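Asker: Numbering (the UniProt record's numbering), first residue to last: 1 to 133.
I am attaching a structure below and will ask some questions about it afterwards.
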Amino acid sequence: MDKSLEADHTLLTTLSISNLKIWHRQLGHVNYQTVAKIIQSHSLQGMPINLSKLPLEYDSYILSKQTRMSIPKTQQKAYRAQQKLEIVWVDLIGSQAVVLKTETQYMMDIVDDYSNHVCSIFLQNKDNSFSEL
(Lines of atoms letter the chains of each structure in order from A and count residues from 1; the text may use other names and numbers.)
(Lines give C-alpha, C1' and ligand atoms only; values in the text may rest on other atoms or scores of the structure.)
Protein backbone atom coordinates (compact mmCIF):
# COMPACT_ATOMS: atom_id res chain seq x y z
CA MET A 1 0.00 0.00 0.00
CA ASP A 2 1.24 3.45 -0.87
CA LYS A 3 2.47 5.43 2.17
CA SER A 4 0.27 8.42 1.31
CA LEU A 5 -2.82 6.19 1.01
CA GLU A 6 -1.98 4.49 4.31
CA ALA A 7 -1.64 7.87 6.02
CA ASP A 8 -4.96 9.01 4.50
CA HIS A 9 -6.66 5.80 5.71
CA THR A 10 -5.28 6.29 9.25
CA LEU A 11 -6.39 9.91 9.22
CA LEU A 12 -9.87 8.94 8.01
CA THR A 13 -10.26 6.27 10.73
CA THR A 14 -9.07 8.67 13.44
CA LEU A 15 -11.34 11.38 12.09
CA SER A 16 -14.28 8.99 11.99
CA ILE A 17 -13.89 7.91 15.61
CA SER A 18 -13.43 11.50 16.77
CA ASN A 19 -16.52 12.51 14.72
CA LEU A 20 -18.45 9.73 16.42
CA LYS A 21 -17.40 11.10 19.81
CA ILE A 22 -18.38 14.61 18.73
CA TRP A 23 -21.84 13.44 17.63
CA HIS A 24 -22.14 11.44 20.86
CA ARG A 25 -21.55 14.65 22.83
CA GLN A 26 -23.68 16.84 20.54
CA LEU A 27 -26.65 14.51 20.92
CA GLY A 28 -26.56 14.76 24.71
CA HIS A 29 -24.28 11.77 25.42
CA VAL A 30 -26.65 9.20 23.95
CA ASN A 31 -25.12 5.75 23.66
CA TYR A 32 -22.98 4.94 20.66
CA GLN A 33 -25.47 2.39 19.35
CA THR A 34 -28.08 5.16 18.97
CA VAL A 35 -25.58 7.32 17.08
CA ALA A 36 -24.79 4.31 14.88
CA LYS A 37 -28.52 3.79 14.13
CA ILE A 38 -28.83 7.45 13.12
CA ILE A 39 -25.85 7.08 10.79
CA GLN A 40 -27.10 3.78 9.29
CA SER A 41 -30.58 5.17 8.66
CA HIS A 42 -29.07 8.19 6.87
CA SER A 43 -31.25 10.49 8.98
CA LEU A 44 -28.55 13.14 8.93
CA GLN A 45 -26.63 14.12 5.85
CA GLY A 46 -22.93 14.80 6.07
CA MET A 47 -22.13 12.20 8.74
CA PRO A 48 -19.51 10.03 6.98
CA ILE A 49 -18.36 7.91 9.92
CA ASN A 50 -16.73 4.49 9.87
CA LEU A 51 -18.86 2.24 12.09
CA SER A 52 -16.52 -0.75 11.96
CA LYS A 53 -14.97 0.17 15.29
CA LEU A 54 -17.36 1.60 17.89
CA PRO A 55 -15.71 2.81 21.11
CA LEU A 56 -16.59 1.00 24.30
CA GLU A 57 -18.94 2.77 26.68
CA TYR A 58 -17.25 4.34 29.64
CA ASP A 59 -18.01 3.08 33.15
CA SER A 60 -18.87 6.61 34.28
CA TYR A 61 -21.58 6.87 31.59
CA ILE A 62 -23.08 3.54 32.61
CA LEU A 63 -23.07 4.51 36.28
CA SER A 64 -24.54 7.95 35.58
CA LYS A 65 -27.51 6.42 33.77
CA GLN A 66 -28.32 4.10 36.68
CA THR A 67 -30.87 5.08 39.26
CA ARG A 68 -30.90 4.27 42.93
CA MET A 69 -33.73 3.20 45.15
CA SER A 70 -35.49 5.96 47.02
CA ILE A 71 -34.76 6.45 50.68
CA PRO A 72 -37.59 4.88 52.70
CA LYS A 73 -39.66 7.26 54.77
CA THR A 74 -39.45 6.79 58.51
CA GLN A 75 -42.43 5.33 60.28
CA GLN A 76 -42.16 7.77 63.15
CA LYS A 77 -43.27 11.30 62.28
CA ALA A 78 -41.55 14.32 63.76
CA TYR A 79 -43.30 15.92 66.70
CA ARG A 80 -45.33 19.01 65.77
CA ALA A 81 -46.66 21.61 68.17
CA GLN A 82 -50.28 21.09 69.29
CA GLN A 83 -50.93 24.73 70.21
CA LYS A 84 -49.64 28.20 69.40
CA LEU A 85 -46.19 29.13 70.72
CA GLU A 86 -45.55 25.61 72.06
CA ILE A 87 -42.51 25.35 69.79
CA VAL A 88 -40.85 28.48 68.41
CA TRP A 89 -37.94 28.53 65.97
CA VAL A 90 -35.61 31.53 66.08
CA ASP A 91 -32.99 32.48 63.50
CA LEU A 92 -30.62 35.40 63.99
CA ILE A 93 -29.17 36.78 60.76
CA GLY A 94 -26.33 39.28 60.52
CA SER A 95 -24.13 41.24 60.48
CA GLN A 96 -25.20 42.40 57.04
CA ALA A 97 -22.65 44.05 54.76
CA VAL A 98 -25.42 46.32 53.46
CA VAL A 99 -27.07 48.58 56.02
CA LEU A 100 -30.86 48.63 55.65
CA LYS A 101 -33.00 51.78 55.56
CA THR A 102 -33.74 51.14 59.22
CA GLU A 103 -29.97 51.38 59.82
CA THR A 104 -29.90 47.92 61.37
CA GLN A 105 -27.40 45.17 60.68
CA TYR A 106 -29.21 42.20 62.23
CA MET A 107 -32.55 40.51 61.70
CA MET A 108 -34.24 37.94 63.89
CA ASP A 109 -36.85 35.62 62.35
CA ILE A 110 -39.30 33.91 64.69
CA VAL A 111 -41.43 31.03 63.37
CA ASP A 112 -44.31 29.43 65.28
CA ASP A 113 -44.29 25.68 64.63
CA TYR A 114 -48.07 25.30 65.05
CA SER A 115 -49.28 28.10 62.76
CA ASN A 116 -46.11 28.64 60.68
CA HIS A 117 -46.54 32.35 61.37
CA VAL A 118 -43.29 34.25 60.75
CA CYS A 119 -42.27 37.45 62.47
CA SER A 120 -39.11 39.37 61.52
CA ILE A 121 -37.55 41.86 63.90
CA PHE A 122 -34.73 44.21 62.89
CA LEU A 123 -32.00 44.75 65.49
CA GLN A 124 -29.21 47.29 65.94
CA ASN A 125 -26.97 44.64 67.53
CA LYS A 126 -27.13 41.02 68.69
CA ASP A 127 -27.32 41.96 72.35
CA ASN A 128 -30.92 43.17 71.87
CA SER A 129 -32.14 39.80 70.53
CA PHE A 130 -33.11 38.19 73.85
CA SER A 131 -34.98 41.26 75.11
CA GLU A 132 -37.00 41.39 71.85
CA LEU A 133 -38.28 37.84 72.34
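Backbone N, C-alpha and C define an ideal beta-carbon position, used for all residues, glycine too.
From a predicted model like this one, the values you see are computed outputs, not experimental measurements.
L123: buried (16+ other C-beta within 10 angstroms of its C-beta) or exposed?
Answerer: L123 comes out buried.
Asker: Considering Cα atoms alone, identify which of Q105, L100, Q82, K21 is closest to I93.
Answerer: The option with the nearest alpha carbon to I93 is Q105.
Asker: Out of curiosity, what's the CA-to-CA distance linking H24 and V30?
Answerer: In a straight line, the C-alpha of H24 is about 6 Å away from that of V30.
Asker: For D113, name the three-state secondary structure that DSSP assigns.
Answerer: D113: coil per DSSP, three-state reduction.
Asker: So the candidates are S43, S95, S70, Y114; which of them puts its Cα closest to the Cα of R80?
Answerer: Ranking S43, S95, S70, Y114 by Cα distance to R80 puts Y114 first.
Asker: Just how far apart, CA to CA, sit M108 and D91?
Answerer: Straight-line Cα distance between these residues: approximately 6 Å.
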